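First comes the structure, then the notes that go with it.
2 protein chains.
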Amino acid sequence: MLDYLIPRLSFAGGHLRPGDDGVDYLPRGRVVVTGDMLVGSTDVPPGAPMESVGWKAVTASLSDLAATGARPVLVFVEMGLPPEMELDELKRIWSGIEMARDRYSVMVAGGDTNSCRDPVLAVFALGEAERPVPRGGSRPGDLIGVTGTFGRAAAGLHSILTRDLDHSWEALRRSFLWPVARIEAGAVASRYATAMIDSSDGLARSLYDMSRNSGLGYLIERLPVDDEVTRYALTHGLDPERLVLGGGEEYELIITFDPSSERQLREELASVGCELIVIGRVVEGRGVWRVQDGAVVQVPELGWSHFGR
Amino acid sequence: MLDYLIPRLSFAGGHLRPGDDGVDYLPRGRVVVTGDMLVGSTDVPPGAPMESVGWKAVTASLSDLAATGARPVLVFVEMGLPPEMELDELKRIWSGIEMARDRYSVMVAGGDTNSCRDPVLAVFALGEAERPVPRGGSRPGDLIGVTGTFGRAAAGLHSILTRDLDHSWEALRRSFLWPVARIEAGAVASRYATAMIDSSDGLARSLYDMSRNSGLGYLIERLPVDDEVTRYALTHGLDPERLVLGGGEEYELIITFDPSSERQLREELASVGCELIVIGRVVEGRGVWRVQDGAVVQVPELGWSHFGR
Chain A
1 MLDYLIPRLS FAGGHLRPGD DGVDYLPRGR VVVTGDMLVG STDVPPGAPM ESVGWKAVTA
61 SLSDLAATGA RPVLVFVEMG LPPEMELDEL KRIWSGIEMA RDRYSVMVAG GDTNSCRDPV
121 LAVFALGEAE RPVPRGGSRP GDLIGVTGTF GRAAAGLHSI LTRDLDHSWE ALRRSFLWPV
181 ARIEAGAVAS RYATAMIDSS DGLARSLYDM SRNSGLGYLI ERLPVDDEVT RYALTHGLDP
241 ERLVLGGGEE YELIITFDPS SERQLREELA SVGCELIVIG RVVEGRGVWR VQDGAVVQVP
301 ELGWSHFGR
Chain B
310 MLDYLIPRLS FAGGHLRPGD DGVDYLPRGR VVVTGDMLVG STDVPPGAPM ESVGWKAVTA
370 SLSDLAATGA RPVLVFVEMG LPPEMELDEL KRIWSGIEMA RDRYSVMVAG GDTNSCRDPV
430 LAVFALGEAE RPVPRGGSRP GDLIGVTGTF GRAAAGLHSI LTRDLDHSWE ALRRSFLWPV
490 ARIEAGAVAS RYATAMIDSS DGLARSLYDM SRNSGLGYLI ERLPVDDEVT RYALTHGLDP
550 ERLVLGGGEE YELIITFDPS SERQLREELA SVGCELIVIG RVVEGRGVWR VQDGAVVQVP
610 ELGWSHFGR
């Protein structure tokens with residue numbers, strides 16, 4: 001396996017090379033470090049292509065970087081693989097990792113394989129940012145914006161798990177299997193954001209995370225429901241609002257910002273091909289609420305539950 | 310679990326804080342990144358204290374840094390834990406991580422828990438070094454030195470697995486359960502080393518790794534056998550040379566250096582409480598050999614086999 005992997009590692013240009021256990025480079029500024037673990041039995045639905053598993057493991061870590069406004073430099077991948085796994089499966093996982101490497105222009109600078117009953121991909125990402133944005137920096141009166149509509153990945157996962165492989169829902173399944181981290185959007189938004197987080201744990205839970213860190217309240221005035229999700233939900237007897245609030249593995253950014261910077265933020269996001277949907281505002285008092293039928297109601301801390309559990 | 314873990318993370322002094330998904334800091338020089346994964350079913354023998362599991366996961370990653378000559382700055386820990394694991398067990402693992410944090414003066418700057426059937430600790434370590442030492446830099450004529458005797462961890466593991474818990478072997482068991490990464494030795498040796506590697510995969514396999522990276526040969530003229538390992542092996546009908554060559558989870562450094570720097574290297578290592586045992590020299594031709602009964606014989610690529618497999 002190492003014979004397969006080592007020649008495929010990027011050379012970071014430092015003193016250490018692929019084949020060494022580490023990698024080195026000379027940063028140009030502040031370094032941001034983050035990581036994410038993908039576990040086969042809980043994060044990969046039956047039938048998901050192995051390439052998607054590698055892609056998603058890298059995307060999830062880079063999305064955490066994006067949410068701080070950092071530009072990714074390198075990822076380091078540690079794999080736990082069942083002893084009975086075929087080399088071909090490893091190659092397909094690795095090919096997904098390389099697809100992500102090329103898409104995000106990041107180095108895959110180190111790797112490591114271990115024997116593990118449950119397949120596990122632990123990805124560690126390192127990036128650079130002048131002023132990393134924390135998730136707890138919101139101020140009362142800030143607007144809450146998101147970089148896209150919600151619920152697509154949750155609907156796509158539902159379609160995969162229920163084996164409703166109708167062609168109409170292909171785009172939703174793709175949203176789940178091939179999500180894209182908002183790197184450029186994170187970098188430009190970081191100049192205006194008071195706080196930022198990615199929505200990988202779902203909209204509601206991510207807002208609760210912001211609330212725990214800021215001690216403030218997050219009031220949703222308009223749910224960023226996706227039209228296709230609404231159609232999917234209606235066809236399948238699901239509650240679209242639940243998919244939007246409680247779905248997960250969606251890599252939009254949630255940004256809080258001063259209302260005076262709305263126009264500039266919107267323009268800058270548009271310049272990197274990304275919309276800004278204002279969904280509410282930051283208020284005093286810890287919690288997450290939404291305006292529903294004219295009343296303010298508390299949002300349950302719905303969140304990403306690993307499927308099947 | 311996060312309520313338990315987040316307040317226990319170190320604050321790196323940057324823009325991000327515990328509770329954010331990442332950590333940031335301003336490096337003073339060249340950054341070295343490495344990582345290691347510890348898997349419960351293959352790396353932890355029955356009866357090992359949970360504290361030792363956390364300690365070893367951090368030590369293994371820091372030993373990889375030490376082998377480049379880097380001084381550790383921070384570690385990032387991603388855990389996969391079985392859903393049925395008690396909070397008390399997590400606390401004991403974490404307490405081992407904190408013992409290592411204090412021993413090595415490193416920040417535990419990020420953490421993450423996931424559900425996984427096999428307990429897994431993925432540790433990433435970040436350090437700084439002026440000139441990181443690669444494992445493939447040896448030159449023909451270099452001497453091969455090691456920072457201690459070998460076989461202690463292998464004998465200790467044998468004693469644990471065979472439940473020979475005789476008090477005489479307590480120190481050997483401690484070598485396995487509470488190994489120490491050679492941070493200071495790595496930093497001082499990096500000024501003289503042409504190549505360096507830690508011996509975590511065992512002496513033979515580590516030399517083969519050096520050989521693969523340098524294209525040179527490694528000739529062992531004197532095996533660094535530990536006296537206590539010899540006694541243990543005699544008592545238990547084991548081959549001490551096999552424990553020395555094929556044992557693993559030993560965190561000595563293997564250093565190659567120009568013979569002219571031997572005295573200085575020895576003095577500098579002594580100044581950080583570490584010995585230098587010269588075991589052989591680097592020769593032309595790829596491979597690993599030893600002098601045995603006056604003849605040169607090839608060393609089998611014995612190495613660390615995960616126990617029970």
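Residue numbers (the numbering used here), protein chains in the order written: chain A, 1 to 309; chain B, 310 to 618.
We put the beta carbon where it would ideally sit given N, CA and C, even for glycine.
The structure presented is a predicted model; accordingly, all values stated were derived computationally and were not measured.
Is the CB-CB distance between residue i and residue j below 8 Å?
{"i": "residue 97(A)", "j": "residue 108(A)", "result": "yes"}
{"i": "residue 240(A)", "j": "residue 277(A)", "result": "no"}
{"i": "residue 563(B)", "j": "residue 506(B)", "result": "yes"}
{"i": "residue 591(B)", "j": "residue 525(B)", "result": "yes"}
{"i": "residue 286(A)", "j": "residue 297(A)", "result": "no"}
{"i": "residue 62(A)", "j": "residue 125(A)", "result": "yes"}
{"i": "residue 343(A)", "j": "residue 133(A)", "result": "Residue coverage of chain A in this structure runs from 1 to 309, which leaves residue 343(A) outside it and unanswerable."}
{"i": "residue 16(A)", "j": "residue 3(A)", "result": "no"}
{"i": "residue 454(B)", "j": "residue 375(B)", "result": "no"}
{"i": "residue 523(B)", "j": "residue 419(B)", "result": "no"}
How long is the line joining the alpha carbons of residue i and residue j, rounded to whole angstroms?
{"i": "residue 79(A)", "j": "residue 430(B)", "result": "11 Å"}
{"i": "residue 517(B)", "j": "residue 508(B)", "result": "11 Å"}
{"i": "residue 476(B)", "j": "residue 379(B)", "result": "37 Å"}
{"i": "residue 38(A)", "j": "residue 579(B)", "result": "44 Å"}
{"i": "residue 352(B)", "j": "residue 373(B)", "result": "17 Å"}
{"i": "residue 176(A)", "j": "residue 183(A)", "result": "18 Å"}
{"i": "residue 305(A)", "j": "residue 425(B)", "result": "Residue confidence for residue 305(A) is low, a pLDDT of 46 falling below 50, so the modelled location carries little weight; the figure read from the coordinates is stated next. C-alpha separation (whole angstroms): 14 Å."}
{"i": "residue 149(A)", "j": "residue 262(A)", "result": "18 Å"}
{"i": "residue 480(B)", "j": "residue 541(B)", "result": "11 Å"}
{"i": "residue 398(B)", "j": "residue 337(B)", "result": "37 Å"}
{"i": "residue 6(A)", "j": "residue 335(B)", "result": "30 Å"}
{"i": "residue 36(A)", "j": "residue 123(A)", "result": "5 Å"}
{"i": "residue 437(B)", "j": "residue 339(B)", "result": "6 Å"}
{"i": "residue 327(B)", "j": "residue 342(B)", "result": "21 Å"}
{"i": "residue 460(B)", "j": "residue 489(B)", "result": "15 Å"}
{"i": "residue 310(B)", "j": "residue 584(B)", "result": "42 Å"}
{"i": "residue 412(B)", "j": "residue 367(B)", "result": "11 Å"}
{"i": "residue 520(B)", "j": "residue 394(B)", "result": "42 Å"}
{"i": "residue 410(B)", "j": "residue 259(A)", "result": "43 Å"}
{"i": "residue 611(B)", "j": "residue 597(B)", "result": "11 Å"}
{"i": "residue 510(B)", "j": "residue 139(A)", "result": "52 Å"}
{"i": "residue 87(A)", "j": "residue 8(A)", "result": "15 Å"}
At a CB-CB cut-off below 7 Å, which residues of chain B make contact with residue i?
{"i": "residue 60(A)", "result": "Result: empty, since nearest Cβ-Cβ is about 10 Å, beyond 7 Å."}
Spell out the partners DSSP gives residue i in its beta bridges.
{"i": "residue 196(A)", "result": "255(A)"}
{"i": "residue 144(A)", "result": "256(A) and 280(A)"}
{"i": "residue 423(B)", "result": "389(B)"}
{"i": "residue 549(B)", "result": "Its beta-bridge partners do not exist; DSSP assigns none."}
{"i": "residue 292(A)", "result": "295(A)"}
Between the Cα of residue i and the Cα atoms of the options, which residue gives the shortest distance?
{"i": "residue 218(A)", "options": "143(A), 267(A), 170(A) and 260(A)", "result": "143(A)"}
{"i": "residue 227(A)", "options": "26(A), 244(A) and 212(A)", "result": "244(A)"}
{"i": "residue 322(B)", "options": "274(A), 263(A), 116(A) and 131(A)", "result": "131(A)"}
{"i": "residue 293(A)", "options": "262(A), 220(A), 95(A) and 90(A)", "result": "220(A)"}
{"i": "residue 555(B)", "options": "584(B), 463(B) and 348(B)", "result": "463(B)"}
{"i": "residue 40(A)", "options": "183(A), 100(A), 118(A) and 33(A)", "result": "118(A)"}
{"i": "residue 474(B)", "options": "316(B), 545(B), 370(B) and 382(B)", "result": "545(B)"}
{"i": "residue 157(A)", "options": "138(A), 178(A) and 147(A)", "result": "178(A)"}
{"i": "residue 450(B)", "options": "611(B), 593(B) and 597(B)", "result": "593(B)"}
{"i": "residue 248(A)", "options": "48(A), 212(A) and 206(A)", "result": "206(A)"}
{"i": "residue 608(B)", "options": "547(B), 499(B) and 531(B)", "result": "531(B)"}
{"i": "residue 47(A)", "options": "229(A), 173(A) and 268(A)", "result": "173(A)"}
{"i": "residue 547(B)", "options": "330(B), 468(B), 381(B) and 392(B)", "result": "468(B)"}
{"i": "residue 500(B)", "options": "560(B), 610(B), 565(B) and 470(B)", "result": "565(B)"}
{"i": "residue 456(B)", "options": "318(B), 576(B), 330(B) and 319(B)", "result": "576(B)"}
{"i": "residue 73(A)", "options": "99(A), 163(A), 10(A) and 251(A)", "result": "10(A)"}
Anything in chain A within Cβ reach of residue i, meaning under 9 Å, just list it in chain order.
{"i": "residue 274(B)", "result": "Since the first and last residues shown for chain B are 310 and 618, residue 274(B) lies out of range."}
{"i": "residue 418(B)", "result": "33"}
How would you list, in chain order, the residues of chain A whose beta-carbon sits under 7 Å from the beta-carbon of residue i?
{"i": "residue 275(B)", "result": "This structure leaves residue 275(B) out entirely; chain B is present only between 310 and 618."}
{"i": "residue 336(B)", "result": "27 and 31"}
Against residue i, what residues of chain A qualify as contacts under a CB-to-CB distance less than 8 Å, listed in chain order?
{"i": "residue 332(B)", "result": "32, 33 and 34"}
{"i": "residue 374(B)", "result": "22"}
{"i": "residue 444(B)", "result": "19, 20 and 21"}
Taking residue i as the query, report the chain B residues whose CB atoms sit under 9 Å from its CB, ordered along the chain.
{"i": "residue 129(A)", "result": "324 and 333"}
{"i": "residue 41(A)", "result": "424, 425 and 426"}
{"i": "residue 68(A)", "result": "324, 325, 329, 330, 331 and 333"}
Could you tell me which chain D residues have their CB closer than 8 Å to the CB of residue i, listed as they occur along the chain?
{"i": "residue 427(B)", "result": "You won't find chain D in this structure, because its protein chains are A and B."}
Which chain B residues are close to residue i, counting only those with a beta carbon under 8 Å from its beta carbon?
{"i": "residue 162(A)", "result": "The premise fails here: residue 162(A) is roughly 22 Å from chain B at the closest Cβ pair, so nothing lies under 8 Å."}
{"i": "residue 212(A)", "result": "328"}
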